[in-house]
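Heads up: the structure comes next, in structure tokens.
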Amino acid sequence: MSAHADTLTHDSHEAHGHGALSENNFLGLPNIKLAMWAFLGSECMFFGSLIGTYFFYHGNSLSGPLPKDVFSIGITSISTFLLLMSSVTMALGVDAMRQQKPMKARTFILLTAALGACFVGFQVVEFHEFYTEKHLVFAGPNASLFGSTFYTMTGFHGTHVTVGVIWLLIMSVLITKKKLVPGKEAVNVEVMGLYWHFVDIVWIVIFTFVYLLEFLK
Amino acid sequence: MASIADFAAAQKPIYHQERPSKTGLMDWLTTVDHKKIGILYGGAGLFWLLIGGLEALLFRIQLAKPDQHIFIGDTYNGLVTMHATTMVFLAVMPMIAGFSNYFVPLMIGARDVAFPRMNAFSWWTFFAGSLTINASLLFCGAFPAAGWTGYAPLTTKEFSGMPIDFWWAGLTLLAVSSMVAGVNFVVTILNLRAPGMTLMRVPVLTWMMLVIQFLLAFSFPPVAVGLILLAFDRTFGTVFYSTGMGGDPHLWQHLFWLFGHPEVYVLILPSMGIVSEILPVFTRRPLFGHHAVIFSGVFIGFVGFGVWGHHMFTAGMGPIADAAFASTTAIVAIPTGVKIFNWIGTMYNSKMTFPTAMLFAISFIPMFTLGGLSGMMHASPPLDLQQHDTYFVVAHFHYVLVGGALQGLFAGFYFYMPKISGKMLNETLGKIHFWVFLIGFNVTFFPMHMLGNHGMPRRIYTYPADAGWNTENLLATGGVFLMAGATLLFVYNLITSLKNGKDAGSDPWDANTLEWMTSSPPPVHNFDFTPVVLSERPLWDHKYTPGMEIPVPEQAEEIHMPSPSWKPMWVSASAGLIIVGLLTFSGIAGIPGWPLCIVGALGVIFSVYAWVTEPV
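Line order of the protein sequences matches chains G and A.
FYI, the numbering for the first sequence is 1 to 217, going by my numbering.
FYI, the numbering for the second sequence is 218 to 833, going by my numbering.
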């Protein structure tokens, strides 16, 4: 028995996350955090497939317009900047929650949601402009492969940002109602942060490889 | 030795829930108990196994003799498509999910999975998906008929009708279910292990379950993307699979097989795990090369992501890609061989007993090896070009999936049912089941090797009498009847055992692992106290190795169990509503379906909010 004592250092009765289950906790990590990492791995495959599809078809369109004809780097740089800044406010929100300052955390969370909403707003404007002025069509008889792949890929990213914004808003309501309090539940904000940063990183990949590389000579 | 029973007699654990479990039907609808969800999955899997078998029986009747016209054209194609779709997604996968649900928490000494309500959500989403796929028969009067691989552009609107909409809708729901379950069980196995259960002490079956959960979480997204693109093509008129607009038929094949090949390892690895659990018990030995068996399983999981192109040798990927995929595919033989030799090593020169579970486990090895050997032939592009789309391939994957996966699951049923129901299955009926099934299986599928080599292609509904394929086809059809009879006998055995079976007791096989430490069936909280694990065979060492007893705590534990919940079903139903909205997007009889998407999305937001604010 004593020979195995070294393997028994983990406390089995410590509950984690919001559940008060009598649970084992072998790795000493909250379940919810581990789950988010696994989920983000799954999401990597999801966006990898979407971005892969875009590049698989890159240059295959039989009709115009072409990427160079529609992208306006200036506008998209602004929305990209806003999304990058939202990662800063998200990190500050996570930090405030850790420091037991829920109201400060809520402010940063709402700020993050606002920046995210701005990004989505920019995307709506961009889609509208591409469609009406540059005649990049998603579906139907005038659609092109570029249109279908571009709108689907960036649309799914925009959907992820939208889901994130809704999640942030729900979280701020829960903080207001004191249903989400610092301490053990701070990890929920941290997990939200992981998701948010991931969505941000996906956009960095899309902006670099889909938008910027188009103009590389 | 007697200390565990003493504990149970002396100390009742202090046990509470936020809300008490319901009773009767309401209990099954709201349960978040991994054991009940496991039973639901297993029951659904058995049901669809019978349906999928019936479909096979019907098209084998059509093929029994040349020039028959019983099920032809799209009816035949529909039967073949649904046979494969049903067997892969609705029979074998849920049976695996059933074993995974029921036994993973028990094997690692946990009270439940990491996210019990997410687990219920997986089940209800699976349930909705299984109904959706089959609903095409109800609403369109026909089955999807594009093959289980659903190659686009064959599945686009130009070439396929409404049933394909049900197919992508159902598969999308199944994909969501599997991805969520994958994340849930990865966390469960990594984090909820009992104290002392280091990774190398995790039972091999649980290890294989861990590998497949990663495969589920990481391989389903590509096919989900493929299905979404297909849905967009069919619903909105995008041009992803439209060759007239520059689309490339390779796209679907890549997305599908990037999922499809890891998927076949999802189907086989759990059965390998079951065999690795059963052999040591009935040889009274530890598993030979225990670590090598685990690592080879992990290796198979990794390599599984790099071999998908061997399904596409005839699609024209070019010599470089062909060579790369041929090499990675050949590499799979190494970890598989490691496992086979370790199983043989476990049995070699041992004092074996032969209950039905052991018979199935032993016959798994040569049957799977036969399938593996013909698989190795397909790793070679020149050979594959000859065999592609012939019955040789059909023989190959049925040896792997029926001789392998299904026999492994049968072994699992005979081995584990006493734990689930508390009753032993009838051994005489079991042995009849085994022999009739084994003979029927070989009579069905062995001749298909010959058929393939004599040039009979897959997916044709009849053949001329002078093609020289008559005897083998008749034999194959006869074999299917043997398999069907054996399977019905098995189901009869399962059902009657619930009433007439001998009481199993907690440890009928004198087994090795933690699940045999608790009563049969286990109580809601699984274990009266959290076991501490001191070796890779904790229960065996508890019984037979002095000084290695599982320590019994002085005091009873306080146990908090999750409460029943409707929320998982709400979220599943809302997600289902989005899918129905997409299915009827442009409207049926003038009523547009797209508002359903909005209602469904709002429903998801609302029920997720209710979910996270609900006390557990």
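Think of the CB as a built atom: it goes at the ideal place given N, C-alpha and C, for glycine as much as any other residue.
Next on the checklist: On the criterion of 16 or more Cβ atoms from any shown chain inside 10 Å, does GLY629 (chain A) qualify as buried, or is it exposed?
Outcome noted: Counting C-beta atoms within 10 angstroms of its own C-beta, GLY629 (chain A) has 16 or more neighbours from the protein chains shown and is therefore classed as buried.
Checklist entry - Considering only the beta carbon of each residue, do ASN24 (chain G) and PRO412 (chain A) sit closer than 8 Å? => result By the CB criterion at 8 Å, ASN24 (chain G) and PRO412 (chain A) fall inside the cutoff.
Checklist entry - Taking just the CA atoms, how far does MET103 (chain G) sit from PRO845 (chain A)? => result Lying outside 218 to 833, the shown extent of chain A, residue 845 (chain A) is not represented and no answer is given.
Checklist entry - So HIS160 (chain G) is in the beta strand (DSSP E); what residue range does that whole segment cover? => result Run containing HIS160 (chain G): none in the beta strand (DSSP E); it sits in the alpha helix (DSSP H), 145-176.
Item to check | Test item: CB-CB of PRO832 (chain A) and GLU235 (chain A) under 8 Å | outcome: yes
Checklist entry - By a C-beta neighbour count over all protein chains shown, 10 Å radius and 16 as the cutoff for buried, is GLN99 (chain G) buried or exposed? => result exposed
Next on the checklist: Would you say the beta carbon of PHE146 (chain G) is closer than 7 Å to some non-hydrogen atom of the ligand SAM?
Outcome noted: This structure simply doesn't include the ligand SAM, nor any ligand for that matter.
Next on the checklist: Under 8 Å, Cβ to Cβ, is there at least one residue of chain A near PHE108 (chain G)?
Outcome noted: No - not a single Cβ of chain A is within 8 Å of the one on PHE108 (chain G).
Item to check | Closest residue to LEU618 (chain A) among A:PRO748, A:TYR482, A:HIS528 (Cα-Cα distance) | outcome: A:TYR482
Item to check | Cβ-based contacts, 9 Å cut-off: residues of the region 658-682 of chain A near chain G | outcome: none
Item to check | Nearest to LEU600 (chain A) (by Cα), restricted to the options A:PHE522, A:LYS252, A:LEU799, A:ASP539 | outcome: Comparing alpha-carbon positions, the option among A:PHE522, A:LYS252, A:LEU799, A:ASP539 lying closest to LEU600 (chain A) turns out to be A:ASP539.
Checklist entry - Counting along the chain, where does the beta strand (DSSP E) carrying ILE815 (chain A) start and finish? => result Unbroken run through ILE815 (chain A) is the alpha helix (DSSP H), 811-830; no beta strand (DSSP E).
Checklist entry - Can you give the Cα-Cα distance for ALA509 (chain A) and LYS556 (chain A), rounded to whole angstroms? => result 8 Å
Next on the checklist: Quick check: the Cα distance between LEU274 (chain A) and PHE698 (chain A), rounded to an integer number of angstroms?
Outcome noted: 7 Å
Next on the checklist: My output table needs one value for ILE805 (chain A): the three-state DSSP class, helix, strand or coil.
Outcome noted: strand
Checklist entry - How is the beta strand (DSSP E) around MET778 (chain A) delimited, first residue to last? => result 775-778
Item to check | HIS197 (chain G) versus PRO763 (chain A) - alpha carbon distance | outcome: 53 Å
Checklist entry - Does DSSP put LEU21 (chain G) in a helix, in a strand, or in coil? => result Its pLDDT being 47, under 50, LEU21 (chain G) is placed unreliably in this model, and the coordinates cannot settle the point.
Next on the checklist: Check this for me: beta carbons of PRO361 (chain A) and ILE429 (chain A), under 8 Å apart or not?
Outcome noted: For PRO361 (chain A) and ILE429 (chain A), no; Cβs fall outside 8 Å.
Checklist entry - Anyone know if the C-beta pair for PHE130 (chain G) and VAL442 (chain A) falls short of 8 Å? => result no
Next on the checklist: When you compare the CB of SER72 (chain G) with every CB in chain A, is at least one pair closer than 8 Å?
Outcome noted: no
Checklist entry - Along chain G, in chain order, which residues have C-beta atoms closer than 8 Å to that of ASP465 (chain A)? => result Close to ASP465 (chain A), with beta-carbon spacing below 8 Å, are these residues of chain G in chain order: PHE56, TYR57, ASN60.
Item to check | Contact check, ILE175 (chain G) vs ARG106 (chain G), beta carbons under 8 Å | outcome: yes
Item to check | chain G within 8 Å of LEU388 (chain A), Cβ atoms only | outcome: No, no contact with chain G.
Next on the checklist: With a threshold of 8 Å between beta-carbons, can GLY804 (chain A) be considered close to chain G, or not?
Outcome noted: Output row for GLY804 (chain A): interface = no.
Checklist entry - Where in the region 549-595 of chain A do unbroken runs of the alpha helix (DSSP H), each at least 4 residues long, occur, reported from the N-terminal end onward? => result For secondary structure counted as the alpha helix (DSSP H) over 4 or more consecutive residues, the region 549-595 of chain A holds these complete runs in sequence order: 550-564, 573-595.
Checklist entry - If you count every other CB in all the chains shown that lies within 10 Å of the CB of ARG676 (chain A), and 16 or more means buried, which is it? => result The residue in question, ARG676 (chain A), is exposed, as its Cβ has fewer than 16 Cβ neighbours within 10 Å.
Item to check | Exposure of VAL161 (chain G), with buried meaning 16 or more beta-carbon neighbours within 10 Å | outcome: buried
Checklist entry - Among G:GLY158, G:ASP95, G:LEU180, which one has its Cα closest to the Cα of CYS118 (chain G)? => result G:GLY158
Item to check | Cβ of MET45 (chain G) within 8 Å of any chain A Cβ | outcome: yes
Next on the checklist: If I measure Cβ to Cβ from GLY506 (chain A) and keep anything under 6 Å in the same chain, skipping five residues before and after, which residues do I get?
Outcome noted: Same-chain partners within the cutoff: ASN559.
Checklist entry - Where does ARG236 (chain A) sit, in a helix, a strand or coil, going by DSSP? => result coil
Next on the checklist: With DSSP as the reference, identify every bridge partner of LYS640 (chain A), one or two as the case may be.
Outcome noted: A:ASP720
Checklist entry - Looking at C-alpha atoms only, which residue of A:ILE491, A:PHE402, A:ASP465 is the closest neighbour of GLY533 (chain A)? => result A:ASP465
Checklist entry - In chain order, what residues of the same chain lie with their CB nearer than 7 Å to the CB of HIS671 (chain A), ignoring the 5 residues before and after it? => result GLY685, TRP686
Next on the checklist: Taking the alpha carbon of SER339 (chain A) as the reference point, which residue from A:LEU799, A:GLY798, A:VAL788, A:THR830 has its own alpha carbon closest?
Outcome noted: A:VAL788
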